[in-house]
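See structure below.
Chains as they are written, first to last, in the numbering used here: chain A, 17 to 439; chain B, 17 to 439.
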């Protein structure tokens, strides 16, 4: 930490960093059975201590109400019996997934007789930064335990009572499982200064995972020197090609926009081939309007005579995260690809088409984590992909791209066996 | 770029960033044959234009001499006929390696009928930051072309004439190959301010690769918001276990220290089991002294009566990068592992031993990119691993760990094919 004296640094951060490192050393050599046992006991303890957790959660809710927190945020912060049951169920599900640690990825022999193998190992110590969603405390802790990583949690000050309670219960479960209690730690100092120090704690942290608003993620990316697994915004498109089946295209567009509008894999702009538009644009827009979607349309869309807000440059860039949608008529697949590569956030992009050639071109040339043919963008999700668990969806190109399951929480190690080889 | 007005930004950087993006779009869909043809023509042009390149290089050498550049740096900066021939040969070798782009990594079908596949794609645009070694200009450009990435090069001001000349020749070769000339661009403004802007050019750059001194790499890590592929220092250890074959152990220690002391995979500390030490320590130290190695030893080593500099805490942390070596006697394999995990830089670590149990423990518990049994740490290298080419050695845990060949310059993309699936 150049420029900072030890004395000026957060002692809580340094101490927890050191303890996390010790815990990571032990976790790295913990068997799958021990890790699964710990997850099972965590599930049991969460159920056993639900009254305690809900009472502590209530303190955050009251403080939130007093401070004028919005209903949407309060809703995310609030825990109930069912939430705790769902968390416990997820922990039990996690015990059933394959443990990636120790997996042999490749092995080969060199002409000089060296035998090289590459195996999966834990990342080490993960710094998790998130907002007022106490369920992330359980999610992140359990995924890290399963992959042999220790985790330092930095949640929101508005969820501090909930997070302290949950981490206390998790740490008790770790103790009962004979795993290091410091495998999961919460930073109780939620000041911005200490968060900034955490983002630069390269001596202890191997990776940072920010989860939350675009603003939170940008803050971490801007300030961090620790490598970041960037999860991010989704300005996702559906392109309806000339040969798209009308019913399928409309169903997918409506599904991708309305099934859950607030999430990153929801559709934000529909691009329509001009020939398809001349026959089916009104029907598409009507179906969207029937689901209360406000349409921001280009000139052609405005000419339908339907209730359309004129779209401008800003609409092509906007992630509405609500019942609003931009609609634009394009010349051809080429124009659709150009638009997407210009305005998209490289998350999830779909083409609805019956043209083998256009589909191939779209899937190859669109630069995104997930590209779809004839399906809703809403499937970009660790569970829908069959990963069983998810720590987030990566929109960067390093390490992991798209839904991140357990494998994304691992690194690799080369093991080289020789019999005296010299260079 | 929050807080910076467009007008204040380096126009060269923005313009070259934009052009790199356009080039990357084309490169991503370029065939293996076209890319190999471009590499072949680059090799031919480098040979054809060697007089021009060497004359321009001479300008940098004269300026370096005038500015009192050290002989070691001048040696790295200076090009001759043989260097250019080696570069051309490496380009031809590169055409023979498999193209990773388009490789199918995994595919599976979901219960709802969605067919998911994961393929390798280029990273996109790579920012390469390096010091006064003109050969990196050719290395980085060719590896990026082979993997379908465009590259923005930022070399040292002390190599500007050499780099401009080489990039001019490369761009002419790209033109002859009918690939975008802007696939390879050099930032001619070598100011620190523009470099700092480049480290934060997230709108255009997908990844930064710093190559050079520890200081250069730290500057990039500290300032960058673009994801960094961190290559780094190597404080590598050889641990000689109780049961190590004496001749093998001594040969490996001498090789790992002296075969090329200035590189990151050279050995910096030898740890010796106390029982092995009681029989062979003098022989080990004598062999090292015979190769002009200055030994920094702990108390036991000092008691050998040989010419030994007393070692202190700092020695365990030092990457000497020269004919100096720290030697320490340890209780057992456990103590060796603890020492390495405390002082090592997670690069390359070796155990010399005949104990199956101790070898297993060492290979499992030492946290490093490459762990060796009975071989020299000097083999941590893309060519020695059989990768055929290398962009550097990663000492971080994200994306790629250890020697980075062509695969490290790729990302992945999920392709999902459906028949109207809705969520």
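Ideal placement from N, C-alpha and C gives every residue a C-beta, glycine not left out.
Asked, Found
"Hey, is residue 374 (chain B)'s beta-carbon within less than 8 Å of any beta-carbon in chain A?", "no"
"When you compare the CB positions of residue 159 (chain B) and residue 425 (chain B), do they come within less than 8 Å of one another, or not?", "yes"
"Residues of chain B with CB under 9 Å from residue 402 (chain A), in chain order?", "124, 126, 127, 132"
"Within the 8 Å Cβ cut-off, does residue 20 (chain A) reach chain B?", "Its pLDDT being 48, under 50, residue 20 (chain A) is placed unreliably in this model, and the coordinates cannot settle the point."
"Going along chain A, which residues have a C-beta under 8 Å from residue 387 (chain B)?", "429, 430, 431, 432"
"For residue 264 (chain B), return the contacting residues in chain A, with the cut-off set at a CB-CB distance below 9 Å.", "435, 436"
"Got a sec? Which residues, its chain only, sit under 6 Å from residue 146 (chain B) by beta carbon, not counting five neighbours each side?", "152, 171, 227, 228"
"Excluding sequence positions up to five away, which residues of its chain have a Cβ less than 8 Å from the Cβ of residue 38 (chain B)?", "196, 198"
"Looking only at DSSP bridge pairs, what is residue 420 (chain A) linked to?", "A:408"
"Counting only beta-carbon atoms, is residue 271 (chain A) nearer than 8 Å to chain B?", "yes"
"Determine whether the Cβ of residue 140 (chain A) lies closer than 8 Å to any Cβ atom of chain B.", "yes"
"Using 10 angstroms around the beta-carbon of residue 154 (chain A), count the other beta-carbons present and answer buried if the total reaches 16, otherwise exposed.", "buried"
"Could you tell me if residue 127 (chain B) is buried or exposed, where buried requires 16 or more neighbouring beta carbons within 10 angstroms of its beta carbon?", "exposed"
"For a contact defined as C-beta to C-beta under 7 Å, what are the partners of residue 9 (chain B) on chain A?", "Not covered by the structure: residue 9 (chain B). The range shown for chain B is 17 to 439."
"Residues in the region 311 to 331 of chain B with C-beta within 9 Å of chain A's C-beta atoms, listed in sequence order?", "none"
"State the DSSP-derived secondary structure class of residue 327 (chain B), mapped to helix, strand or coil.", "coil"
"Classify residue 68 (chain A): buried if its beta carbon has 16 or more other beta carbons within 10 angstroms, exposed otherwise.", "exposed"
"Under 8 Å between beta-carbons, which chain B residues line up against residue 357 (chain A)? List them in chain order, please.", "41"
"Thinking just about the alpha-carbon of each residue, which of A:387, A:354, A:361 is nearest to the one in residue 367 (chain A)?", "A:387"
"Using DSSP with H/G/I as helix, E/B as strand and the rest coil, what is residue 34 (chain A)?", "helix"
"Return helix, strand or coil for residue 220 (chain A), following the three-state DSSP convention.", "coil"
"With DSSP collapsed to three states, give me the class of residue 428 (chain B).", "strand"
"Along the chain, where does the beta strand (DSSP E) containing residue 252 (chain B) start, and where does it finish?", "252 to 256"
"Is it the case that the region 237 to 250 of chain B contacts the region 166 to 180 of chain B, given that we only count it when at least three CB pairs across the two stretches are under 8 Å?", "no"
"Tell me the rounded alpha-carbon separation between residue 259 (chain B) and residue 353 (chain B).", "16 Å"
"How would you write the range of the alpha helix (DSSP H) that residue 120 (chain B) sits in, first residue to last?", "Careful: residue 120 (chain B) lies outside any alpha helix (DSSP H), inside the beta strand (DSSP E) at 120 to 125."
"Could you work out which residues of chain A lie near residue 35 (chain B), taking near to mean beta carbons separated by less than 8 Å?", "Neighbours of residue 35 (chain B) on chain A: none; closest Cβ ~15 Å, over 8 Å."
"Note down, one range per segment and in chain order, each alpha helix (DSSP H) of at least 4 residues found wholly within the region 79 to 144 of chain B.", "87 to 93, 97 to 111"
"Which residue comes first and which comes last in the beta strand (DSSP E) that contains residue 343 (chain B)?", "340 to 346"
"At a Cβ cut of 7 Å, what residues of the region 404 to 418 of chain B count as close to chain A, listed as they run along the chain?", "412, 413, 414, 415, 417, 418"
"Would a check of beta-carbon distances place residue 116 (chain A) closer than 8 Å to chain B?", "no"
"Quick one: using the 10 Å Cβ neighbour count with 16 as the cut-off for buried, is residue 327 (chain B) buried or exposed?", "buried"
"Checking 8 Å against the spacing of the C-beta atoms, do residue 257 (chain A) and residue 369 (chain A) come in under that value?", "yes"
"Given that residue 222 (chain B) touches chain A, what residues does it touch there, using C-beta distances under 9 Å?", "412, 413, 414"
"Assuming residue 253 (chain B) contacts residue 61 (chain B) under a Cβ cut-off of 8 Å, what Cβ separation, rounded to an integer in Å, is found between them?", "The Cβ separation is near 44 Å, so there is no contact."
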